[in-house]
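Notes follow the structure.
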Amino acid sequence: MRYDVIVVGAGLAGLFAGSLAAQRGAKTLVVARGIGAMPVGTGCIDVLGYDAKGERITSPTTALPKFIKANRKHPYALAGLNALENGLTALKSMCDSAGYPLVGDLSANHWLPTAVGSIRPTCFAPESFIAGEVRRAEPMTLAALPGFRDFYPHLAMSNLQSQITNYPITAASLSLPDRPTHREAYATDLARLFDDANYRAKVTKAWKGELNGAARVGFPAILGLAHNPAARRDLAERLGAEVFEIPILPPSVPGMRLFNVLREVLQEAGGKLILGPEITGRVDGRALTPRVLGVTGHAAGKSTIYEADRVILATGGFLGGGLISERAGVAAESIFDLPITYSSQPESWFAPRLFGAHPFARFGVRVDDLMRPLDAHGEVMYENLHAVGGLVAGADRLGEGSREGIDVATAWRAIAPAPPSARPDDKTTIARKRRKAPPEESRLSPSPDSIASTDAETTDDTNSIHI
Amino acid sequence: MTLGTEILIIGGGATGLGVARDCALRGFKTILVEKGDLAHGTSGRYHGLLHSGGRYAVRDRASARDCIVENRILRRTFPDAIEDTGGLFVVTPNDPPEYANPWLAACAEVGIPVEEIPIALALKEEPLLNPKISRAFRVPDAACDSFDLLHALAASVREAGGEVYLRHRVESLIVEGGRVCGAVTRNVATDERLTLRAEMVVNCAGAWAGQIAATAGCELRVTPGKGTMIAMNSRLVNTVVNRCHPPDDGDILVPVGTVSVIGTTEVVVENPDQYAIEAWEVEKLLAEGEVLVPRFREFRALRAWAGVRPLFEEGRGKKEEGSHEGDENSRLISRAHSILDHETRDGVGRLISVVGGKLTTFRLMAEQAADLVCRKMNVTRECRTAEIPASEAGKTYHIHGARLGNVEHRGDMTGRIGEGDEIICECELVTRAQVEEALKASASPVLNDLRRDLRLGMGPCQAGFCAYRAAGILNSQLQMSNFKLKIRNPQSAINSALLEFLQERWKGLRPVMWGANLKQLELDLTIYRHTLAADRLPLSREPEEYPTEKTA
Chain A
47 MRYDVIVVGA GLAGLFAGSL AAQRGAKTLV VARGIGAMPV GTGCIDVLGY
97 DAKGERITSP TTALPKFIKA NRKHPYALAG LNALENGLTA LKSMCDSAGY
147 PLVGDLSANH WLPTAVGSIR PTCFAPESFI AGEVRRAEPM TLAALPGFRD
197 FYPHLAMSNL QSQITNYPIT AASLSLPDRP THREAYATDL ARLFDDANYR
247 AKVTKAWKGE LNGAARVGFP AILGLAHNPA ARRDLAERLG AEVFEIPILP
297 PSVPGMRLFN VLREVLQEAG GKLILGPEIT GRVDGRALTP RVLGVTGHAA
347 GKSTIYEADR VILATGGFLG GGLISERAGV AAESIFDLPI TYSSQPESWF
397 APRLFGAHPF ARFGVRVDDL MRPLDAHGEV MYENLHAVGG LVAGADRLGE
447 GSREGIDVAT AWRAIAPAPP SARPDDKTTI ARKRRKAPPE ESRLSPSPDS
497 IASTDAETTD DTNSIHI
Chain B
1271 MTLGTEILII GGGATGLGVA RDCALRGFKT ILVEKGDLAH GTSGRYHGLL
1321 HSGGRYAVRD RASARDCIVE NRILRRTFPD AIEDTGGLFV VTPNDPPEYA
1371 NPWLAACAEV GIPVEEIPIA LALKEEPLLN PKISRAFRVP DAACDSFDLL
1421 HALAASVREA GGEVYLRHRV ESLIVEGGRV CGAVTRNVAT DERLTLRAEM
1471 VVNCAGAWAG QIAATAGCEL RVTPGKGTMI AMNSRLVNTV VNRCHPPDDG
1521 DILVPVGTVS VIGTTEVVVE NPDQYAIEAW EVEKLLAEGE VLVPRFREFR
1571 ALRAWAGVRP LFEEGRGKKE EGSHEGDENS RLISRAHSIL DHETRDGVGR
1621 LISVVGGKLT TFRLMAEQAA DLVCRKMNVT RECRTAEIPA SEAGKTYHIH
1671 GARLGNVEHR GDMTGRIGEG DEIICECELV TRAQVEEALK ASASPVLNDL
1721 RRDLRLGMGP CQAGFCAYRA AGILNSQLQM SNFKLKIRNP QSAINSALLE
1771 FLQERWKGLR PVMWGANLKQ LELDLTIYRH TLAADRLPLS REPEEYPTEK
1821 TA
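Respectively, the protein sequence lines represent chains A and B.
Sequential numbering from 47 applies to the first sequence in our numbering.
Sequential numbering from 1271 applies to the second sequence in our numbering.
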């Protein structure tokens, strides 16, 4: 089977890249082993949450130029801020059209409560998160749902209250009828209950007395899987209070909503999604200019060849399976065996503290400004292969609070601009262009020569390229 | 505050609790103090092997004889902490074949029952075992859960009228007129001082015994011998398997609960509170594992940890740090124990130190120490620990899978899960009621103690899911004032408990961080750092490590 674009991976970067490509008229396949990492996470889009000192960032717009200057090999620096902005606009409009709006602006982070009572900066959040903004001076009530083992609002309440002095935070115990009782109730069980208008009518009747006049009520993120916006509006109306969600342990219902939205956008635009097969890469070894031919999917005892003009690798880091480490001190890319940056000293992969700055977080595939993997000499390896998202080297996504922003910016950069020179037929043109006339937004990207040399300014200078 | 007692025992490991039980059963008023939790030190960092004595038969017959006698006694008195796995000694292609016959003779001499079994039978019983083994011998080894053992011991001490004070660190022994008459302790949870006056002090602080003795002016050189172990995430064997060769690194594989433990290395360290697990140790253990079970490294290594053996030989100086294998092997320092009377040794009266030894023979050490206590106190009282079982309740061996049975039969006849029956730790099948119960009984808000009590967080996700839940439950308990102690700053205590629990798990994971563990790490960081921002909790103090890892 032949496609214009094949995307490997069904996380945010993969589904977004596939949706973009399909919307632009490319015959698109997204193929993935599993359902990606969206069901693990918040369902929000973090762009830049923390500065170099670890302080919460108020405005990504203000912080980003400085951040890029200080981190010249960061995916944001390579993809460029235009890609980030345009990508976010495109993602927002996809979510809007699917009736699941994301609210936010690059110029201002939301500061939202977490389920332990920390404060988390994020840039774009589902509507159902917004009323949790901690800087809004308005009393907050958190819903305790007895029998649900994945949310402990009293813990969140006391920790939030120790940071917030200008309004009270309380908790109210709300009963949850009809949940499964022959086994533990998961967030997804409860979310499906809240999709049902009759259920909402039933529970809110009992809850009203408990909440007596609360201004805003925070729930764990379980308010509907398929019909979250309707569920939130309905609950707010029935309770006479604003209602907001707080993300909890996996499975992440808001993450699953985002997955469903993007799957819908992809399929509506004519793209195809195949989940399940194990995937290996196919390379044209005989061609004068090295190219990838596509991928092979292995499932149910047979192998299927999928060919494409362009392949986008969105397989993620270690969690997603894009990077694998079979033994201490060794890491590899899983589909095309691309060279990756990492340290061969296992002791230097990890910080002594669990929440320290782990060098391994920055391991990954080094790319050029069009997200094409580079070899040890800084040369583009395959002109029609791109790597996006968590697979790309140079970012500590959790430490920076940039996990989803990088997915969006790099996916956009790989798919969207595709200037004529990036078409996979004239490598020399590309190389010349990159060396002599770097496009505006890639000026901060390293030249091929500087990649091999160490650069005190960059944070990943201790890594060497291993092939 | 000052309390008085007849016997004060320092150290809540197997030795100290054993002495406390023995003394209490002999009718002495007994108090034990432990600076951390039960099994906080070496006893809780043990491989889980209840020795038959076979391991020591050739080199150290006395120790081997003690082992087989004590093995039988413990099976009678603490069956609940023992899984009767049986043991095998196997001759692999890497072992000198000429070792087996003298070993057999030595076992016969000390009375260890050994039965040679056909290779085919050994492989049928243990299918993952190296098919190239040339001989296999059955011995009465067993698996012993030291957490269960120590809890049973502590319960038995209390039953016999003794008291156990956890989280009481001894600041110094009190010496008056050339004799020790108690100790000044500090409650590490509340910072309160407690002075304990005693007729007799028994120092069972293991690798820390030298520090305690020093406060009474006695020089006691205990060599901390670090032993590293790795837990593999499945029961690769259901029988304890030993290599039939002179004791060496990585030559025992013990099925304990849901995992199997390969151990151990042996490295002399400077400080029992500060040591790191080194890459070569992990590599060595995995390589030796391959000899017992081919493709050993392809299984998931769950975590690595180390304990410090209190190695002691009178007259022997302190060993050089880092020495292992080679010229002066610390394995040659006897595993036998010593009961030291500081009156005859150092001229300091009423102080006894118990050093050296191993978990299997803790009861014997305790008996000898208590005998000495009696002599010093000029009384004659018989030891009863060899006869009296730990409790009426635990009269059967631990059965692997019993926990699953309990969880599968939760709830009532309707098949519904009742309040408190929710599973908090899926890996180890711990319910909310168990967590609440354990916290209620606990003297301090420390989630790490739940791990030792309940195995909370010891499975493959290494607390990824249960740490948050346990912190939430701890918070509710503190708010409902279910706690014995008044905590100075509950919010800080809870947040610190969560972070310390996660950090403790990370410490064990870090040396075996590849493959599935690396995926798990990213998942756990996505939960705690990304979704919960637990690294930004207010009021939390920097987690205190115990023992601390050396930072490079």
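Idealized CB from N, CA, C, for every residue including glycine.
Candidates the options: closest to residue i by CA position
i	options	result
T187(A)	E291(A), A125(A), K112(A)	E291(A)
R356(A)	M427(A), R418(A), L431(A)	L431(A)
V93(A)	T135(A), T160(A), Q313(A), Q207(A)	T135(A)
A260(A)	E230(A), A217(A), Y352(A)	A217(A)
N1718(B)	S1766(B), M1635(B), E1489(B)	S1766(B)
P336(A)	S389(A), L269(A), D421(A)	D421(A)
R102(A)	W458(A), T387(A), R166(A)	R166(A)
I1279(B)	R1620(B), K1789(B), A1672(B)	R1620(B)
G270(A)	A171(A), V413(A), D241(A), V289(A)	D241(A)
Residues of its chain near residue i, where Cβ-Cβ distance is below 6 angstroms and the 5 sequence neighbours each way are ignored
i	result
I1694(B)	V1700, R1702, V1705, C1736, R1739
E1276(B)	F1298, K1299, E1469
G1311(B)	G1283, G1476
K473(A)	Bear in mind that the predicted position of K473(A) carries a pLDDT of just 41, short of 50, making it unreliable; the figure below should be weighed with that in mind. Result list for K473(A): T335, E429, in chain order.
F305(A)	M84
Proximal residues to residue i (C-beta, below 7 angstroms), its chain only, five neighbours per side dropped
i	result
A1803(B)	none
R469(A)	In this prediction, R469(A) has a pLDDT of 44, which is less than 50 and means its spatial position is unreliable; what the coordinates show is noted afterwards. No residues qualify anywhere along the chain.
R1722(B)	D1307, L1308, A1309, G1314, F1417
D1336(B)	T1631, L1634
E230(A)	R195
Limits of the unbroken alpha helix (DSSP H) element including residue i
i	result
W1776(B)	1760–1779
K251(A)	243–257
N1364(B)	Unbroken run through N1364(B): none, as it is neither H nor E.
W458(A)	449–461
Alpha-carbon to alpha-carbon, residue j and residue i
i	j	result
F1348(B)	P1659(B)	6 angstroms
P106(A)	I91(A)	12 angstroms
P1367(B)	V1361(B)	7 angstroms
K1554(B)	A1636(B)	35 angstroms
C1488(B)	G1617(B)	9 angstroms
N1512(B)	P398(A)	34 angstroms
V1471(B)	P185(A)	58 angstroms
D1350(B)	A282(A)	55 angstroms
P1542(B)	Q1481(B)	10 angstroms
N509(A)	G80(A)	Reliability of the predicted coordinates at N509(A) is poor, the pLDDT of 38 falling under 50, and the value obtained from them is presented with this limitation in mind. Straight-line Cα distance between these residues: approximately 30 angstroms.
V1384(B)	L1273(B)	51 angstroms
N132(A)	S139(A)	11 angstroms
P1580(B)	H200(A)	44 angstroms
L1420(B)	N1759(B)	30 angstroms
A1413(B)	S1608(B)	25 angstroms
Range of the contiguous beta strand (DSSP E) that encloses residue i
i	result
I1622(B)	1621–1626
H432(A)	431–433
P167(A)	165–168
K1646(B)	Not the beta strand (DSSP E): K1646(B) falls in the alpha helix (DSSP H), residues 1632–1647.
Cβ neighbours of residue i in the same chain (closer than 8 angstroms, five flanking residues each side left out)
i	result
R1331(B)	A1376, E1379, V1380
K1665(B)	P1349, D1350, P1659
Inset, instruction - Mind checking the segment 297–311 of chain A against chain B and listing, in chain order, the residues whose C-beta falls within less than 9 angstroms of any C-beta there? - result: Going along the segment 297–311 of chain A in chain order, one finds S298 with a Cβ nearer than 9 angstroms to chain B.
Legend entry - Interface residues of the segment 1522–1533 of chain B facing chain A [CB-CB below 7 angstroms]: Flagged: no residues at all.
Inset, instruction - Check distances from the C-beta atoms of the segment 1776–1795 of chain B to those of chain A and list, in chain order, the residues that come in under 7 angstroms. - result: Cβ contacts with chain A come from W1776, R1780, M1783, W1784, G1785, L1788, K1789, E1792, L1793, L1795.
Inset, instruction - Could you please tell me which residues of the segment 1691–1719 of chain B, in chain order, have their CB closer than 8 angstroms to any CB of chain A? - result: Within the segment 1691–1719 of chain B, the qualifying residues are E1692, I1693, I1694, R1702.
Legend entry - the segment 1716–1748 of chain B: positions lying closer than 8 angstroms to chain A by Cβ: Contacts with chain A (Cβ-Cβ distance below 8 angstroms) from the segment 1716–1748 of chain B involve F1735, Y1738, R1739, A1741, G1742, I1743, N1745, S1746, listed in chain order.
Inset, instruction - Residues of the segment 352–373 of chain A with a CB closer than 7 angstroms to any CB of chain B: list them in chain order, please. - result: Taking 7 angstroms as the Cβ-Cβ cut-off against chain B, the residues of the segment 352–373 of chain A that qualify are G363, F364, L365, S371, E372, R373.
Legend entry - Residues, ordered as in the chain, of the segment 201–216 of chain A that lie near chain B by beta-carbon distance below 8 angstroms: Along the segment 201–216 of chain A, the positions whose C-beta sits under 8 angstroms from a C-beta of chain B are L201, S204, N205, S208, Q209, read in chain order.
Inset, instruction - Quick one: which residues of the segment 433–444 of chain A get their C-beta closer than 7 angstroms to a C-beta of chain B? List them in chain order. - result: Of all residues in the segment 433–444 of chain A, L444 have a Cβ within less than 7 angstroms of some Cβ in chain B.
Legend entry - Near-chain B residues of the segment 227–238 of chain A (beta-carbon distance less than 8 angstroms), N- to C-terminal order: So the close ones are T227, H228, R229, E230.
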